[in-house]
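Step one of this worksheet: look at the structure below.
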Amino acid sequence: MPVAFVTGINGQDGSYLAELLLKKGYKVVGMVRRSSTMNYERIEHLMDQITIVQGDLHDQGSLLGLLEEHRPSEIYNLAAQSFVPTSWNQPALTGDITALGVTRMLEAIRFIDPKIRFYQASSSEMFGKVLEVPQSENTPFYPRSPYGVAKVYGHWITINYRESFNLFAASGILFNHESPRRGLEFVTRKISDAVARIKLELAKELRLGNLEAQRDWGFAGDYVEAMWLMLQQAEPDNYVIGTGESHSVREFCEIAFAHVGLDYKQYVVQDERFYRPAEVDLLISDPSLAKKKLGWNLKVDFKQLVTMMVDADMKRLRVKK
Ligand code: NAP
Ligand code: F7E
């Protein structure tokens, strides 16, 4: 039974990836950081099938110890401080986890077993103030937040360890991907949750920042398949994963509210508090390499994603109500 080690298993992507790996017959070892409260909401349904271990990307010793004990053949490094606004309030912490954490994991691989295949969760935020449209593996980076800067470091240290030590280290440059398991502070889930609350008369308005920002939004369940595919190739590489379509926050609102028979203009209030010191205005991917080399493809389109998220929040909040 191959062993896969997943950091950030209790995050959005970790939960979908764990489901996929279990289906493919892996023993899944998931790393979580110590917390005074249990935070297994997204993986509750998998708890009897996966092995949960404690470790932290801050702590080199914990990574060495866990790899020595569990001897994985594949590592998926999904753990990060992943919320962009927080990266301006906690830039050093973001760098320590999201950037240096990658080096700590690569060092652990180098010392314990250099044959381990490694996936790094890179991000379209690295393109930031885009230098090319659409963005591919060859587009230069121009990050616009401490988070984006930290991810650029993570991406390049992955390539550097591939080239310096011959590690099988792949970098997936994933564009925004969402789901009913998305954290509530990210804009898509903030919208779907608010739509359901407003429809069920639990809230009266939704306060948002920049409605004109455009993102290439896909479904997280489709994107974890690409992560796995990257580690099944003969050689490690970098791959852009996205839909190749871009939509504004405004469009997301329009479809989400209309799905429950409401007009977003009557409920959305723009609020300065949610604007960013430096914005990423437009992201749109060119995923042709992944389609050609990995045979990767989407199953869920933009409209299906929006309605899936609204339906899930309606169901959840109806029960609560
Ligand atoms: P997420 O839901 O925020 O999950 C991040 C996970 O990292 C959480 O489980 C978190 O644990 C864990 N974590 C944070 N700091 C840690 C530390 N010091 N040590 C160990 N674990 C730690 O993020 P996601 O949306 O699933 O994204 C997964 C990865 O892909 C992240 O690296 C993200 O930056 C990257 N990415 C995401 C997207 C996207 O659109 N979703 C796109 C491109 C790249 P707690 O639950 O304890 O906080
Ligand atoms: O913002 C605008 C905001 O926070 C999207 C992370 O997974 O994807 C994610 O980063 C856009 C921005 O995601 C609000 O200004 C307007 O332009 O949902 P978000 P993000 O910053 O794109 C990338 C690929 C990652 O790697 C990250 O880890 O929406 N926006 N009003 C708002 N955003 C939020 N959060 N809240 C608002 O009220």
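Position 173 of the sequence shown, counted from 1, bears residue number 1300 in my numbering, the numbering being contiguous throughout. Virtual Cβ for every residue (Gly too), placed ideally from N, Cα, C.
If you measure from the CB of leucine 1409, is any heavy atom of ligand 1 nearer than 7 Å? Not so, every heavy atom of ligand 1 lies at least 7 Å from the Cβ.
| Other residues of its chain near threonine 1434: CB distance less than 7 Å, five sequence neighbours each side excluded | The answer, listed in chain order, is His1386.
*Around the C-beta of glycine 1222, are 16 or more other C-beta atoms found within 10 angstroms, so that it is buried, or is it exposed?*
Answer is buried; the Cβ neighbour count reaches 16.
*Sequence ranges, beta strand (DSSP E) only - wholly within the region 1311 to 1357, length at least 3*: Here the runs fully enclosed are 1333 to 1335.
- Roughly how far, in whole angstroms, is the beta-carbon of leucine 1258 from the beta-carbon of alanine 1353, given that I think they are within contact range, below 8 Å? The C-beta separation of leucine 1258 from alanine 1353 comes to about 24 Å, leaving the pair out of contact by the 8 Å criterion.
Sequence ranges, alpha helix (DSSP H) only - wholly within the region 1345 to 1431, length at least 4
If only complete runs of 4 or more residues are kept, the region 1345 to 1431 shows the alpha helix (DSSP H) at 1347 to 1357 and 1376 to 1386, in order along the chain.
Given 8 Å as the limit, is there contact between the region 1136 to 1143 and the region 1158 to 1170, that is, 3 or more CB pairs closer than that? Yes: at least three Cβ pairs fall under 8 Å.
**Report entry** Buried versus exposed call for phenylalanine 1251 [16 or more other C-beta atoms within 10 Å across all chains shown]
**Finding:** Checking the displayed sequence, the identity of residue 1251 turns out to be serine instead of phenylalanine. Classification of serine 1251: buried, given that the 10 Å Cβ count is 16 or more.
*asked:* Please report the straight-line C-alpha distance between leucine 1301 and threonine 1370, rounded to a whole angstrom.
replied: Rounded to whole angstroms, leucine 1301 and threonine 1370 show a C-alpha spacing of 10 Å.
Check: Does ligand 2 have even one heavy atom less than 7 Å from the beta-carbon of alanine 1340?
Finding: Yes, since a heavy atom of ligand 2 falls inside the 7 Å radius drawn around the Cβ of alanine 1340.
**Asked** In the structure shown, what three-state DSSP assignment does lysine 1151 receive?
**Response** Secondary structure of lysine 1151 (DSSP, three-state): coil.
| said: Less than 6 Å between C-beta atoms, sequence neighbours within five positions excluded: which residues of the same chain meet that for methionine 1436? | reply: Annotation for methionine 1436: Pro1307 and Ser1319 place their beta carbon closer than 6 Å to its own, counting only its chain and skipping 5 residues before and after.
### Task
Look at leucine 1349 and alanine 1297 and say whether their C-beta atoms are less than 8 Å apart.
Looking at the sequence itself, residue 1349 is aspartate, so the reference to leucine does not match. For aspartate 1349 and alanine 1297, no; Cβs fall outside 8 Å.
Check: Mind checking alanine 1323: buried by the 16 CB within 10 Å criterion, or exposed?
Finding: Of the other Cβ atoms in all chains shown, 16 or more fall within 10 Å of the Cβ of alanine 1323; this residue is therefore buried.
**Touching by the beta-carbon criterion (3+ pairs, under 8 Å), the region 1267 to 1286 and the region 1199 to 1216** = When Cβ pairs closer than 8 Å are counted between the two stretches, the region 1267 to 1286 is seen to touch the region 1199 to 1216, the count reaching three or more.
- Could you pull out every unbroken alpha helix (DSSP H) segment of at least 4 residues lying fully inside the region 1149 to 1208, listed in chain order? For the region 1149 to 1208, whole alpha helix (DSSP H) runs of length 4 or above, ordered along the chain, are 1187 to 1197.
Using the three-state DSSP reduction, which class does serine 1272 fall into: helix, strand or coil? Here serine 1272 sits in coil by DSSP.
Contact test: aspartate 1390 Cβ vs ligand 1 heavy atom, cutoff 7 Å
It does not: the Cβ of aspartate 1390 is nowhere closer than 7 Å to a heavy atom of ligand 1.
* Rounded to whole angstroms, what's the CA-CA distance from leucine 1389 to glycine 1310? Just pull it up for me. => Here the alpha carbons of glycine 1310 and leucine 1389 stand approximately 24 Å from one another.
(message) Does arginine 1244 come out as helix, strand or coil in the three-state DSSP assignment?
(response) Note: arginine 1244 maps to strand in three-state DSSP.
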